[in-house]
Amino acid sequence: MSFSFLKKQAGITLIELLATLSLFSIVITLTSTLILQIFNSEDNIRKQISTKQELNILINEIRQQYRDNNLTICYENNQLSIEELQITYTNISEASFQNNGNTFSGANSNTCMEVDTESPLIIKIATSTTKIETTLINQSNQYTKDIQLVHEHDEVEEPGGDSYDVLFTFQCNFEGNPNFTKTRSPTVEFILNPLCGSPSIYTVENNATFSRNLLLNPQVNLNVNNNFYSTENVNSINIEENSNLNVSGNGIFYGNVTLSPNAKLQIDGDATFNDNIILDRKGRVVSEISIGGDVIIHGNITMPQFTMLTIDGNAKLNGNIYLQPQSLIIIKGDAICNGFIDNKSSIQVNPNKINTCS
1 MSFSFLKKQA GITLIELLAT LSLFSIVITL TSTLILQIFN SEDNIRKQIS TKQELNILIN
61 EIRQQYRDNN LTICYENNQL SIEELQITYT NISEASFQNN GNTFSGANSN TCMEVDTESP
121 LIIKIATSTT KIETTLINQS NQYTKDIQLV HEHDEVEEPG GDSYDVLFTF QCNFEGNPNF
181 TKTRSPTVEF ILNPLCGSPS IYTVENNATF SRNLLLNPQV NLNVNNNFYS TENVNSINIE
241 ENSNLNVSGN GIFYGNVTLS PNAKLQIDGD ATFNDNIILD RKGRVVSEIS IGGDVIIHGN
301 ITMPQFTMLT IDGNAKLNGN IYLQPQSLII IKGDAICNGF IDNKSSIQVN PNKINTCS
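For what it's worth, full-length UniProt numbering labels the leading residue of the sequence shown as 1, then goes sequentially.
Structure follows, in structure tokens:
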């Protein structure tokens, strides 16, 4: 009976015990590894934040001395110092400074550079974990004028010449310098419909002035052979799908400029936009703006995916810029941005030019 009783006893075998202990040790090992990784990750993040803060302090110190028109930067053996403040920063893995046509990186025999505060200073500083790039411009010397950006009171001039008021009627070609002031309909805007051939082309032989809202319906091209001007009472300029506004000279735009998918605005000269620019797309069909000269944009810029703004000259962008991924602003000259920028990586500026936008 005792033998039978022992056979019926429930218990844990040695193999089961060893398996349980092995599993328990694996769980402890994995948990410990995970905890260590979390601590290491947090430590790395703290180090990165600390390094970024130190670099920001360094940039602020350089900026202040630059504004005070008294700045000498020294860089040697991974140590960066500001001579006037007798401050030294260590653990700098890479640094370069561009100023007045010269590039200083400590790689040559010169270990210090006296900065010309009348010229922009382009700064690139990197550590093992962080990199900062910025451009300083001394506003007190109005360097924006030196880089030949169109100035606030020197903006594109209004179309001159012998302008004349014209009633906007069905007509495909306009000679001279028409000033479009009214239409026969009670509508408050000038509407161009596809009534001038296929493709439908309206042509102004010289300067064009619009004193009401302008709408280019689908399949319409408006060619202005010299300058384009919309007056201050204009609220909107809309270019619908598959339509183009081509300006051979300069352009001044009052009112929001909105481009539908596959619409294009081409300006061969300089341009000033006093209000907002809004581009649109439908799938891969996108709108596009191309400017051959300098540009000032006072309003905001909104660009969805795949849309493009190309500026061959200098650009001064005073408003906010809202860019979706894979939209693109290309600036071939100097670039000055004064507003908020969403997605700076979508702005491409000539690396040899002044850049405060990206």
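Each residue gets a CB set at the ideal place from its N, CA and C atoms; glycine is no exception.
Look at residue 281 here: in three-state DSSP terms it is strand.
By the beta-carbon neighbour count (other beta carbons within 10 angstroms, threshold 16), residue 18 is exposed. Where residue 72 is concerned, the enclosing beta strand (DSSP E) starts and stops at 72–76. Counted as a single uninterrupted DSSP element, the stretch harbouring residue 306 is not any beta strand (DSSP E), since DSSP gives it neither H nor E. Note that the C-beta distance between residue 239 and residue 263 is below 7 Å. Apart from the 5 residues on each side of it in sequence, residue 340 sits with its Cβ closer than 8 Å to the Cβ of 320 and 321 in its chain, given in chain order. Straight through space, the alpha carbons of residue 255 and residue 81 are spaced by roughly 50 Å. Across the structure, residue 74 and residue 353 are spaced so that their CA atoms are roughly 24 Å apart.
Buried is the label assigned to residue 280, since at least 16 other Cβ atoms lie within 10 Å of its Cβ.
Around the CB of residue 65, 16 or more other CB atoms lie within 10 Å, so the residue is classed as buried.
By the neighbour-count definition (other C-beta atoms within 10 Å, threshold 16), residue 342 is an exposed residue. DSSP, read as helix, strand or coil, puts residue 316 in strand. When secondary structure is reduced to three states using DSSP, residue 290 falls in the strand class. Beta-bridge partners assigned by DSSP to residue 79: 76. In this structure, DSSP gives residue 335 an extended state, which the three-state scheme calls strand. Around the beta carbon of residue 273, a 10 Å sphere encloses 16 or more other beta carbons of the protein chains shown; the residue is thus reported as buried.
The Cβ neighbour count for residue 27, taken over all protein chains shown within 10 Å, is under 16; the residue is labelled exposed.
The closest CA to that of residue 304, considering only 328, 290, 312 and 313, is found on 328. As a beta-bridge residue in DSSP terms, residue 125 pairs with 95 and 132. Contact between residue 243 and residue 261 is ruled out by a C-beta separation of about 11 Å, above the 8 Å threshold. Linking residue 174 to residue 204 through their CA atoms gives a straight-line distance of about 5 Å.
Here residue 316 is not near residue 347, since their CB atoms are 7 Å or more apart. For residue 195, there is no enclosing beta strand (DSSP E), as DSSP marks it with neither H nor E. Going by C-alpha positions, residue 202 is about 30 Å away from residue 314. Excluding five sequence positions before and after residue 338, the CB atoms of its chain that fall closer than 6 Å to its own CB belong to 318, given in chain order. Boundaries of the beta strand (DSSP E) harbouring residue 253: 251–253, taken from the DSSP string.
In terms of Cβ geometry, residue 290 and residue 307 do not form a close pair [threshold 7 Å]. For the pair residue 278 and residue 129, the Cα-to-Cα distance works out to about 38 Å.
Of the other Cβ atoms in all chains shown, fewer than 16 fall within 10 Å of the Cβ of residue 103; this residue is therefore exposed. Taking each of 221, 225, 96 and 296 in turn and checking the Cα distance to residue 253, the smallest one comes out for 296.
Nearest Cα to residue 231 within the set 355, 119 and 209: 209.
Per DSSP, the continuous beta strand (DSSP E) segment holding residue 236 begins and ends at 236–239. Residues of the same chain with a CB within less than 6 Å of the CB of residue 215, apart from the 5 flanking positions on each side, are 189, 191 and 238 in chain order. By the Cβ-count criterion, residue 97 is buried, with 16 or more other Cβ atoms from all chains shown falling within 10 Å of its own Cβ. Under the three-state reduction of DSSP output, residue 266 falls in the strand class.
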